[in-house]
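Read the structure below first, then the notes.
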Amino acid sequence: MRKWKLLIADDEYIIRDGIHSSVDWEKFNMEVIGEAEDGEEAIELAIYNQIDLLLIDLNMPIIDGLEAMKEIKNQLPNCKMVVISGYDDFRYAQEALRLKVEDYLLKPINPGKLEALIQDLKQKLDLEVNQKKYIQQAAVQIKRNHTQLKERFFQDWIAGQLANEEISEQLQFLHLPVALPKQYLVIKWPDYHLNQTFMQENDRQLYLFAIENIVKEMMGAEKAVIFWDQSHLLNVCLWEPINRESLTKIEEVVQNYFNITIYYHVEDIFIQDFVHLYKVYDQCKRQVDQQIKISPIVKQALAYIQEHYQDSSLTLERVAEELHITSVYLSRMIKHELGISYVGLLTQMRINKAVDLLKTTDLSVRDIAETVGYDTQHYFSTTFKKVVGISPMQFKNDEENVHL
1 MRKWKLLIAD DEYIIRDGIH SSVDWEKFNM EVIGEAEDGE EAIELAIYNQ IDLLLIDLNM
61 PIIDGLEAMK EIKNQLPNCK MVVISGYDDF RYAQEALRLK VEDYLLKPIN PGKLEALIQD
121 LKQKLDLEVN QKKYIQQAAV QIKRNHTQLK ERFFQDWIAG QLANEEISEQ LQFLHLPVAL
181 PKQYLVIKWP DYHLNQTFMQ ENDRQLYLFA IENIVKEMMG AEKAVIFWDQ SHLLNVCLWE
241 PINRESLTKI EEVVQNYFNI TIYYHVEDIF IQDFVHLYKV YDQCKRQVDQ QIKISPIVKQ
301 ALAYIQEHYQ DSSLTLERVA EELHITSVYL SRMIKHELGI SYVGLLTQMR INKAVDLLKT
361 TDLSVRDIAE TVGYDTQHYF STTFKKVVGI SPMQFKNDEE NVHL
């Protein structure tokens, strides 16, 4: 434990020397860092040395003791102060007490009384520092417990183990929005990157911690909850949708810093009940697992389709031509690696966007159809009902009723 720093301030040398020599300061884990013979010097020494205890005379030149005490208290609010003064200065006692002085010693100072006071002050200083440590440790533990509670809650939620009421209560308890997230994101990297025999467990954990912090910093803690699931995937619940540029930036940063390629899938959330979040999680997990097996050609095709799906004339042949391969080969690759046809993939992207627009905008069904790449409202409505189970108009009406 560090020593407590003490300053003696009195304009009389004999008083300063008497105080200094009458107490075994080492016994109380204290050191006298200096002596001041006027108020100005007392202020300078106190602030420069960040003292813990001040013994000060009230009647001093240049700046009197009271003014010096006020300035020191202003700069060092935790500093303990003891007034030493003559009988003639007792009229200052009331004002000194307002500064919350620890005691008021009258000259000539009794060595025994001074030592007893120093003993009390040492105990008080020790107690305060121990209390501060305890509070800091408690705060760290509370934060750690809160993080663990939050992670366990989300793990149970995506496992489908909680009822709607439990989920609402936990969200409120954790000071999170009592509403379904807008998006769900799962991030993964190939196992061989982090499970190589030469990589120590500490290094592996450091990689994971660094990646988690990159995601937190670039998304903003207030917009998302980030946690690890039982499969060691990084999960992100987003109450404010993230744009694709941010995801690409995260991917680039991780690649540049760690030479690790991450795989991710973000899913817009259209479910109505809390309990069904596990379906969104399962979908993200399947998609991200699938990505690791995806060839560069199919990745390029996915990126191109994602960028141009609003174009009603987007065909398999056009995508294949862009990638300098045959349409037959591309069709076979998409079906083999994604388990879905080109038409099914394009339809999925368009309907997902349409659902998002129906939920978040006042656009008409006709306008939405055009926006997501359909030439006619009728064809769009037929396709939408086939995929979602209800018509676009019914979906829109249901959404409006939910928010009434």
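For reference, each letter of the sequence shown is one residue, going 1 to 404 in the UniProt record's numbering. For each residue, glycine too, the CB sits at the ideal point set by N, CA and C.
Between the CA atoms of residue j and residue i - distance to the nearest angstrom
i	j	result
I8	K107	14 Å
Q148	W228	11 Å
I269	L180	8 Å
L174	K124	37 Å
Y184	E102	58 Å
L105	K73	19 Å
D398	E165	22 Å
L194	I262	Confidence at L194 is low in this model, with a pLDDT of 44, below 50, so its placement is unreliable and the value that follows should be read with caution. Going by the C-alpha atoms only, they are around 11 Å apart.
L316	F274	38 Å
D17	D57	14 Å
D38	F28	26 Å
K5	V129	14 Å
residue 405	I135	Summary: the structure shown does not reach residue 405, with the chain confined to residues 1 through 404, and so no result is reported for it.
T376	T383	11 Å
D52	P61	23 Å
I167	Q287	26 Å
D10	N110	16 Å
I63	E71	10 Å
N59	E67	10 Å
Q310	K133	59 Å
Y360	P177	The amino acid at residue 360 is misidentified as Tyr; the sequence shows Thr. Each residue's Cα considered, the two are about 18 Å apart.
Q26	K3	Note on residue identity: the sequence assigns Glu, not Gln, to residue 26. Distance between the alpha carbons of E26 and K3: 9 Å.
residue 410	V82	Nothing can be reported for residue 410: it is not among the residues displayed for the chain, which extend from 1 to 404.
L404	T326	The predicted model places L404 with a pLDDT of 45, which falls under 50 and marks its position as unreliable, so this point remains unresolved.
E212	N256	15 Å
T248	H232	21 Å
M218	N145	24 Å
E169	L238	19 Å
A138	G86	45 Å
V186	I271	17 Å
E12	S21	15 Å
L121	K113	12 Å
Q131	V140	14 Å
V388	I142	44 Å
S331	L314	14 Å
Per DSSP, cross-strand counterpart(s) of residue i
i	result
V186	N235, H265
A224	L238
G160	Beta-bridge pairing links G160 to no other residue.
K5	E31
D57	I84
residue 422	With the chain covering only 1 through 404, there is no way to say anything about residue 422.
A36	A9
Selected residue, minimal CA-CA separation from residue i, among the options
i	options	result
K182	E322, I368, V225	V225
Q230	I262, K188, W239, K249	K188
I14	D52, V129, A36	A36
L117	G344, I19, R350	I19
V236	T382, Q141, Y257, H265	H265
T280	D120, G160, D64	What sits at residue 280 in the sequence shown is Val, not Thr. Ranking D120, G160, D64 by Cα distance to V280 puts G160 first.
D356	P241, I305, L53, V275	P241
L234	I271, D289, K5	D289
K386	Q348, K359, K396	Q348
K396	L358, H308, Y379	L358
S246	H232, I214, Q141, Q170	I214
E151	Q137, A163, L171, A138	L171
E307	L238, F153, R244, K143	R244
L55	K285, M218, I84, Y48	I84
F153	L277, D282, V23, C79	L277
I158	Q283, S331, E12, S381	Q283
N49	V23, S21, C79, G65	C79
S312	L346, K285, Y329	L346
G344	V253, H378, R318, I305	I305
E267	G34, S381, K285, V388	K285
Q119	Q291, K216, V23	V23
Chain B within 9 Å of residue i, Cβ atoms only
i	result
V101	The structure shown has no chain B; it contains just one protein chain.
(Q) For the segment 295 to 311 against the segment 333 to 343, do three or more pairs of beta-carbon atoms, one drawn from each stretch, fall closer than 8 Å, so that the two count as touching? (A) These segments touch.
**Q.** Within the segment 248 to 315, ranges of the alpha helix (DSSP H) (whole runs, at least 4 residues)
**A.** Counting only runs that start and end inside the segment 248 to 315, the alpha helix (DSSP H) elements of at least 4 residues fall at 277 to 292, 296 to 308.
Q | Cβ contact (3+ pairs, closer than 8 Å) linking the segment 355 to 366 and the segment 385 to 401 | A | Yes, they touch.
Q. Is the segment 320 to 330 touching the segment 300 to 307, taking contact as three or more C-beta pairs under 8 Å?
A. Under the Cβ criterion (8 Å, minimum of three pairs), the segment 320 to 330 counts as touching the segment 300 to 307.
Q. What are the start and end residues of each continuous alpha helix (DSSP H) run of 4 or more residues lying completely inside the UniProt domain "HTH araC/xylS-type" (299 to 398), in chain order?
A. Those alpha helix (DSSP H) runs which fall completely within the UniProt domain "HTH araC/xylS-type" (299 to 398) and span 4+ residues are 316 to 323, 327 to 338, 342 to 360, 365 to 371, 377 to 388.
Q: Answer yes if the segment 344 to 359 comes into contact with the segment 368 to 386, meaning at least three C-beta pairs across the two stretches below 8 Å, and no otherwise.
A: Three or more beta-carbon pairs separated by less than 8 Å link the segment 368 to 386 to the segment 344 to 359, which places the two stretches in contact.
(Q) Taking contact to mean 3 or more Cβ pairs, one atom from each stretch, closer than 8 Å, check whether the segment 66 to 83 and the segment 36 to 48 are in contact. (A) Cβ pair count under 8 Å is three or more, so yes.
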